[in-house]
Every structure is written in structure tokens, then in C-alpha cells.
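Numbering (the working numbering), first residue to last: 5 to 700.
A virtual CB, placed ideally from N, CA and C, is assigned to each residue, including glycine.
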């Protein structure tokens, strides 16, 4: 793949002591001594002085180690520049020989630091174009900050221009000494555009393109007008130009950057115009005309006018906005007051969506959107909706192209509700079982609507009915556990109410396996009901690995449904903090740091979701109790398609993907775990023992 590039010119043979002196100098000074050590050896060939290989090999090793430590460190590039071109060619050939011998010279097998050293030597030997092409091929298979920076340096050497990005920054008065000072100002004054711009410029000057993109995305997503952000345009133009020169426009087309550019159309258009002007004026010599035109066109494509938005927060599939999960909160009523859930502190009015509106929304979800699945609740108890029977029947009649689920706390499963569910089962039902004893129930739930045995009886009734009626639906029983992942958002008594050992979890699972066995024993033969059991090892693993993810099911019952498929009932362990996201919002015993610029990205922007709250407001998060983070209401748009492709929705995706939290709920969620722990406890007496609700 690569041939030798040894320069034919050679000087007279250098004395052996010069080689020894070079060796000692490199051993003493390390990377910084390579240039001075090798300078006296310029022009010497391997044939003239075989001992030179040991010095060259030592130099190569130091380069590789330096790239491994920091692939963008200026010191390693300075060391490369100091190597005489002829010796760089010798070192390049030596690397190839030592790595591949007489075999195929496939550089794709090299690790990143070796590849960077090889490319750097190739460029230092004068083969700039070959070095740039080699990097371009390598980056088709892998990428990273080190490869990107090396591509930039190779491009600049090829173009015979400065490789310091700071040399291309437009003149501007910067009132901050360094990046840390700019960041400190943002913490105090988050919409200070001068501080944001300073951070971007410091990152550009340091050659840290990933950091620059992160800072630029946050600045573009700030909740201020485009006119205020216009000062960012020149630096954005430089960022885009450098990315284009590196062959890495793809990083600018990542969702969070596309959304940020599209949410600030005037700034983005201005950046495109500046890029073209700088190119025309010869100020971007590292870029060729075609690359500049392509980069400017890319920016304009983010804000291109037309019948359909150029960029939307929700991805488009077949002309329809795609939503991974829809939370259709048909009601926000709940008749439980659980100590691990903030619903008891709801500020929104208790309400439900009218039946006809629910039907209309279901029609729109099925006909005008691409939907992965639908949940019939966020925080509310769906079985309290006065028309739940009609809603479930309509879902069944519509034969929706996506599955529907709902979660219940279980105490609403009275005979009337079981009859309403009969023949109208969704694809799956989840029960927040959680408690494993009367003591556990009393510690975490309201005793006004029952007790633990009532809960067991009602959930058992649903399990029996689903199996005997051969329901085409699964049943999940959630078990809350305190498995060592202590969440201080939840008070001590609540945490201790749930299984804190795998042995306690095992006992509760075995109880439900016994209940399932009794149901199976009396089941009609046509249902082919089978009682199931998990091993102690599986139950212990489920306890220890309990998380918010869906894994480690513990099956207790299985049956054949009316369509001939197998359905099951199973238990799932969930950590005690599952529903606790907003508890801090209402607990006066805890301080909550609120930041507009958080540096964290919301997961619901990566897996696009839609919350249609019972209040009619629209958001992307089911945990937002009082729907503080919304992009409007149903009444603001003609239909859901328009809502999901709106500039308001795009702005929310741009902000939350870039760590801009404008709402109370988001400021807690994106605040990070350090804001959920005792280090942020308010001054005063120690947090009192007892229930969370006792301190309110």
C-alpha cells in the first residue's frame, strides 16, 4: 500500500559519537529534545550508519506515547515539525518495516496513536497530500478528536498555511482571561452572549472542535432572540469552515447541532454568508472553493424555507413525525398518595381529556404520525377516567399500528373495572405492586382506600381474569427495591419499606409464584395456563441489577391468548428512586441548584417522545409533573402533525439536547446527581426522620 519515501540525498557519514550524543539528548529531554537531537544527523542514511535506527526508533516511540497521552497536544506536533524531512522519511519507513515486515501494509489495523505518528511523519517528509489522503481513508472507518486534529494539520501543511485555528479568528474584544473565566460568568449570568462567545473562541484557538461544537450548540439554543446571538456568526463560520476542511461536516449534521442551527435561522444564514465572504477574500486558505460552497449550502439547508420544515425536532419517517413513545395522559387524577411519588403535590388542576378528544387524538396518532408505542398515562391513574371502557374499546376497534399500554397502582381493580377490561385489553398492563407486606403498604401508601391484602386480592383478580379469558396482553408487576443504590431524594422510611436484601425480594416473588400456581391449577384447559418459577440466582440478579431499564423479567404465569400466541405475567424490579425525579421540587428540607446552562443532554431528545397531558399541554417528558416543559398546547395547533413539526417543538429539542434547561422540571433532571445528594442540603437541623410527606 505504501512505498519507501527515503530521500536520495545524503551527507557524509556522521561520526558514531554524534549518534550516541543524539541518543543521550533524547533520553534526557524526551519529546522536546527530538528536533535538536536529530538535526546533526540530517542527510545520513541507514546504510551509512546502521546505528541511527536506534535513535529513530526511540523518537518514534516517544511520538506514539505522546499521541496516546493527548492526541491534540501542541508539543507533539511541534516535535514533528522539528524533525528534518529526510529523517522523517526514514522514520516513516522504519515504522512500516517494524509493523508490517514484508507483509501487506494495511494501516487500518494500526491503533490511533500509531496511525497519527505515521501520518505525521509522512507529512513532515513533505508528502502532505498523501498524508491527508491517508487520514481521509482512515476516517471512513473511525473518527475521533485526534484524527480530526491531525486531518486539520495535514490539510494546512498541504495548503502551506498556518495550522493554528486561532490565527483565523476575526478580531474581537474579549473581556475574559481564559475559558474558565468565561464559564464562571455563564454560571452567574447564563445569557451573557459575550461569555458564550469567549468560550467558543477559546475552544477554537485550542483546536478542540468537539468542545467548540458543544459550546456553540448551547449558545445557539439560548432563550434569546437571533439579533442578540448575531455576534456568534463569524466564529460559527470559522468552525464550519474548519470542520469542512477536516472532512467532518457530519459532526455538524448531528441532531443537536442541526437543531441548534435550525432554531436560530438568522444567525445560521449570517454564518453562511460570512463563510462565503471570508473564502472570497482569501481568508480561509485551508479550504477549497467546492468545500466552501458545500459548507455554506449545508448551513442554508438547515433553515431552507418551504412547505415542510427543513429540520424538525421529531425525525420524519415516510413524511410523518416519528415518536418512539406517546404518553397520552387521559387523566391526571390519582386516588393514591404514595410517598415515593410527587403526584400529591400536583399544581395543575385535576382533569381528564373528554372521550371524543381522546378518540380524535388516537386517530391522529394512527394516521398522521409514526408511533412506536402509546401509554395511556403519565402520572395519573387511567382506570379513573370515566370513559375508560369506551377508550379501550376504541383502541381495539381501530386496530392501531402500534401497541398500547397503561400502568395502574392496582387498587382501582374492583369488579366494575375488571368487567370494563374484559375483552378490551391493551397490549400490556403494568401494576405498580411495589409493596410486599402490610408494613410496607402503610409506610408508602394511603390507607384510606385499602390495605396490602386488598391490593393482593385485586391484582390477583386481574391476573386470573387475563389468564382465563386468554387475554392478548401481558401483565407486568413492578416491585420497588432498595438495592444499595441509595437515592436521597426518597426519605429513609420510604426507602426501608421496600426489599433491601435479595432474600426479601426472593420471598415476595415466591409468594406471587404460589398465587400464580393456584390460578393455573383451576384454569380452563383451553387457556393452557402454566405456572412459572425463577431460580434463586435469577431473582437475586434482578434485585441487584434493578434499574430504570426493562430487563431481568421474573415470569410467574403463562397462557395461550385468543390469537394462539403465548402471553405471560412477570415481575420486574425497579429502584426506589424511579418516580422521584421531582420530589426535590417540593421538599423544603433540600436546596436545589437551578441552572439554565447545564452541560447535560436530555435523553428524551435522543429517543423522541411525546407527552399529551390531561391539561392539553404538549411536552416530551412523562415525568414533568406540572407540565412545566412544554412546546405549547393542543389548542395552539390545528393538529398533532403541525405541533410536532413546529418551530416551538424544534426549539425545545435544540435547547434540551444542548443542555439548556428553561423549565423547573428540566433544571432538576439535568442538574445532575450531585444536586440530589446531601452536599446540597440546606443549612439548619439534620433532615428529620419520618415520611417525606411529614416535612411538607
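Distance CB(residue i)-CB(residue j) smaller than 8 Å
i: residue 621; j: residue 634; result: yes
i: residue 671; j: residue 577; result: no
i: residue 30; j: residue 45; result: no
i: residue 163; j: residue 135; result: no
i: residue 458; j: residue 344; result: no
i: residue 645; j: residue 572; result: no
i: residue 374; j: residue 325; result: yes
i: residue 215; j: residue 207; result: yes
i: residue 25; j: residue 62; result: no
i: residue 127; j: residue 161; result: yes
i: residue 1; j: residue 151; result: Outside the displayed span of the chain (5 to 700) sits residue 1, for which this structure offers no information.
i: residue 580; j: residue 657; result: no
i: residue 246; j: residue 169; result: yes
i: residue 430; j: residue 461; result: no
i: residue 416; j: residue 434; result: no
i: residue 481; j: residue 422; result: no
i: residue 122; j: residue 88; result: no
i: residue 506; j: residue 544; result: yes
i: residue 661; j: residue 259; result: yes
i: residue 615; j: residue 626; result: yes
i: residue 262; j: residue 306; result: yes
Best match in the options for proximity to residue i [C-alpha to C-alpha]
i: residue 166; options: 87, 145 and 211; result: 211
i: residue 363; options: 349, 325 and 380; result: 380
i: residue 473; options: 453, 461, 524 and 445; result: 524
i: residue 142; options: 124, 111 and 616; result: 111
i: residue 213; options: 193, 240, 187 and 190; result: 240
i: residue 133; options: 190, 156 and 654; result: 156
i: residue 519; options: 59, 471 and 417; result: 471
i: residue 352; options: 384, 237 and 476; result: 384
i: residue 420; options: 108, 66, 392 and 399; result: 392
i: residue 558; options: 675, 564, 358 and 516; result: 516
i: residue 632; options: 667, 653, 643 and 566; result: 667
i: residue 528; options: 564, 370, 196 and 228; result: 564
i: residue 575; options: 468, 555 and 566; result: 555
Rounded separation between residue i and residue j - CA only
i: residue 682; j: residue 495; result: Bear in mind that the predicted position of residue 682 carries a pLDDT of just 39, short of 50, making it too unreliable to give a figure here.
i: residue 441; j: residue 332; result: 32 Å
i: residue 560; j: residue 599; result: 46 Å
i: residue 21; j: residue 40; result: 15 Å
i: residue 273; j: residue 153; result: 27 Å
i: residue 336; j: residue 628; result: 12 Å
i: residue 311; j: residue 244; result: In this predicted model, residue 311 has a pLDDT of only 48, less than 50, meaning its place in the structure is not dependable; the value taken from the coordinates is given anyway. If you take the alpha carbons of residue 311 and residue 244, they lie about 27 Å apart.
i: residue 531; j: residue 456; result: 29 Å
i: residue 120; j: residue 173; result: 26 Å
i: residue 232; j: residue 171; result: 26 Å
i: residue 636; j: residue 623; result: 8 Å
i: residue 356; j: residue 617; result: 9 Å
i: residue 487; j: residue 541; result: 15 Å
i: residue 702; j: residue 82; result: The structure shown has nothing for residue 702, since the chain only spans 5 to 700.
i: residue 387; j: residue 428; result: 13 Å
i: residue 296; j: residue 264; result: 21 Å
i: residue 539; j: residue 508; result: 14 Å
i: residue 322; j: residue 253; result: 25 Å
i: residue 104; j: residue 96; result: 12 Å
i: residue 466; j: residue 638; result: 34 Å
i: residue 70; j: residue 48; result: 26 Å
i: residue 664; j: residue 341; result: 32 Å
i: residue 678; j: residue 236; result: Here residue 678 scores only 44 on pLDDT, less than 50, and its place in the model should not be relied on; the value that follows carries that caveat. Roughly 32 Å between the two C-alpha positions.
i: residue 366; j: residue 304; result: 36 Å
i: residue 280; j: residue 653; result: 31 Å
i: residue 339; j: residue 368; result: 30 Å
i: residue 195; j: residue 248; result: 29 Å
i: residue 229; j: residue 193; result: 16 Å
i: residue 67; j: residue 74; result: 11 Å
CB contact check: residue i to chain C, cutoff 8 Å
i: residue 628; result: Absent from the structure: chain C. Only one protein chain is present.
How do the stretch 398-408 and the stretch 444-455 stand: do at least 3 beta-carbon pairs fall below 8 Å, yes or no? Between the stretch 398-408 and the stretch 444-455, the count of Cβ pairs shorter than 8 Å is below three; the stretches do not touch.
Within the stretch 188-258, note down every full alpha helix (DSSP H) run reaching 4 residues or more, in order along the chain. Restricting attention to alpha helix (DSSP H) runs no shorter than 4 residues, the stretch 188-258 encloses them at 197-209, 213-224, 230-233 and 237-249, ordered along the chain.
With contact counted as at least three CB pairs below 8 Å, one residue from each stretch, are the stretch 198-210 and the stretch 174-186 in contact? Touching, yes.
At least three beta-carbon pairs within less than 8 Å, the stretch 218-230 to the stretch 253-268: Note that the stretch 218-230 touches the stretch 253-268; at least 3 beta-carbon pairs, one per stretch, sit closer than 8 Å.
What ranges does the beta strand (DSSP E) occupy inside the stretch 290-375, keeping only unbroken runs of at least 3 residues that lie completely in it? Along the stretch 290-375, the beta strand (DSSP E) occurs as fully enclosed runs of 3 or more residues at 324-332, listed in sequence order.
What ranges does the alpha helix (DSSP H) occupy inside the stretch 442-529, keeping only unbroken runs of at least 4 residues that lie completely in it? You should have 442-448, 456-472, 496-500 and 506-525.
So within the stretch 398-430, which uninterrupted beta strand (DSSP E) runs reach at least 3 residues, ignoring any that extend past its ends? If we require 3 residues or more, the beta strand (DSSP E) runs fully inside the stretch 398-430 come out as 408-412.
Below 8 Å, how does it come out for the stretch 300-320 and the stretch 645-658: are there three or more Cβ pairs, yes or no? Counting C-beta pairs with one atom in each stretch, the stretch 300-320 and the stretch 645-658 have three or more that are closer than 8 Å, which means they touch.
I'd like the ranges of any alpha helix (DSSP H) spanning at least 4 consecutive residues and lying wholly in the stretch 602-686. If one requires a minimum length of 4 residues, the alpha helix (DSSP H) runs lying completely within the stretch 602-686 are 607-610, 644-648, 651-661 and 668-673, in chain order.
List, from N- to C-terminal side, the alpha helix (DSSP H) runs of 4 residues or more that fit wholly inside the stretch 113-162. Taking only runs of at least 4 residues, the alpha helix (DSSP H) segments lying wholly in the stretch 113-162 are 116-128, 132-142 and 149-162.
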